[in-house]
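In our numbering, the protein residues as written are 33 to 292.
Reading through the structure tokens given below for one structure.
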């Protein structure tokens with residue numbers, strides 16, 4: 033009886049792996065096989081762990097067969113490079129072997145992140161990713177497939193404010209096409225602090241953030257006034273004034289603008 037049970041379990045794992053490789057999600061596989069989602073997740077993780085262990089210990093096959101010769105004290109550069117690549121297989125499981133021995137980056141890392149990079153004083157490039165676990169959780173919570181949930185993007189102006197406090201000078205939210213994972217945000221204001229968020233819209237139309245970037249400052253659009261502090265510094269340095277003069281380092285309107 034134990035042998036039959038084990039055989040049935042192996043057969044179930046093979047079905048789950050086969051359906052996953054066909055592109056089905058774990059939730060779809062559970063519905064297809066009529067089994068609990070937890071059982072499907074356990075079987076898939078177990079198979080992935082076994083594959084990683086096999087890849088870690090499997091020897092690297094040579095492309096061409098060479099004749100066996102005595103080990104030489106001098107090792108060629110090609111052999112050293114091959115050894116380094118083999119060692120990196122176990123330390124970098126996210127990298128896959130590409131053609132001609134080159135490494136290629138994966139399409140995605142299955143982690144939650146958002147990065148923002150300044151392109152100009154008026155433009156920022158933003159990219160992000162949402163993990164499968166978060167997608168499945170939201171699909172279960174809203175009882176809709178992840179692909180059917182409306183995606184949205186929000187821009188927050190948090191200049192001179194603490195983003196974690198939930199305050200913002202202004203915000204703007206717009207809808208995104210499905211399968212979007214990057215965006216050029218423009219036009220933006222120079223010399224302003226922004227935070228960007230990616231999320232979904234609820235059935236009530238409210239924005240629900242999933243991932244957010246760190247606060248990012250856009251650069252100035254005009255010269256900062258090189259040398260404008262030289263004269264006050266000189267007067268204090270040579271003792272013409274008793275204490276350093278108070279310098280107006282910000283535009284006079286900056287502290288009083290309701291929207292900056």
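All residues carry an ideal CB built from backbone N, CA and C; glycine is no exception.
(message) Suppose the cutoff is 8 Å on Cβ atoms and the five residues either side in sequence are ignored; what does the same chain contact list for residue 224 look like?
(response) 189, 191, 249, 250 and 292
(request) Could you give the DSSP three-state label for residue 273: helix, strand or coil? (result) coil
(request) Return the first residue and the last residue of the alpha helix (DSSP H) that residue 225 is part of. (result) It is not in any alpha helix (DSSP H) - residue 225 instead sits in the beta strand (DSSP E) that spans 225–233.
(message) Tell me the rounded alpha-carbon separation between residue 209 and residue 180.
(response) 11 Å
(request) Answer yes or no: the CB of residue 247 versus the heavy atoms of the ligand HEM, is any distance below 7 Å? (result) With respect to the ligand HEM, the structure shown offers nothing to examine, as it has no ligands at all.
(request) With a cut-off of 8 Å on the beta carbons, I'd call residue 159 and residue 203 a contact; round off their distance for me. (result) So it is not a contact: roughly 20 Å between Cβ atoms.
(message) I need the DSSP call for residue 50, collapsed to helix, strand or coil.
(response) helix
(request) Please classify residue 78: is it buried, with 16 or more other beta-carbons within 10 angstroms of its beta-carbon, or exposed? (result) exposed
(message) In whole angstroms, give me the CA-to-CA distance for residue 141 and residue 241.
(response) 20 Å
(message) Considering just the uninterrupted stretch of the alpha helix (DSSP H) at residue 314, what are its terminal residues?
(response) Given that the chain is displayed from residue 33 to residue 292, the structure contains no residue 314 and the question cannot be resolved.
(message) Would residue 218 and residue 182 be called neighbours here (beta carbons separated by less than 8 Å)?
(response) no
(message) According to DSSP, is residue 185 part of a helix, a strand, or is it coil?
(response) strand
(request) Please say whether residue 228 and residue 175 have beta carbons closer to each other than 8 Å? (result) no
(request) Please specify which runs of the beta strand (DSSP E), each continuous and at least 3 residues long, are wholly inside the region 139–198, giving them in chain order. (result) 145–152, 155–161 and 183–189
(request) Classify residue 226 as buried or exposed, calling it buried when 16 or more other Cβ atoms lie within 10 Å of its own Cβ. (result) buried
(message) Is the separation between the beta-carbon of residue 264 and that of residue 254 shorter than 8 Å?
(response) no
(message) Going by DSSP in three states, residue 45 sits in which element: helix, strand or coil?
(response) helix
(message) Distance check for residue 186 and residue 64, CA to CA, integer angstroms please.
(response) 37 Å
(request) Locate the beta strand (DSSP E) running through residue 220, then write down its first and last residues. (result) Careful: residue 220 lies outside any beta strand (DSSP E) and carries neither H nor E.
(request) Could you please give me the residues that DSSP links to residue 239 through a beta bridge? (result) 233
(message) Classify residue 275: buried if its beta carbon has 16 or more other beta carbons within 10 angstroms, exposed otherwise.
(response) exposed
(request) Using DSSP bridges, identify the partner residues of residue 318. (result) Because the chain spans 33 through 292 in this model, residue 318 falls outside it and cannot be assessed.
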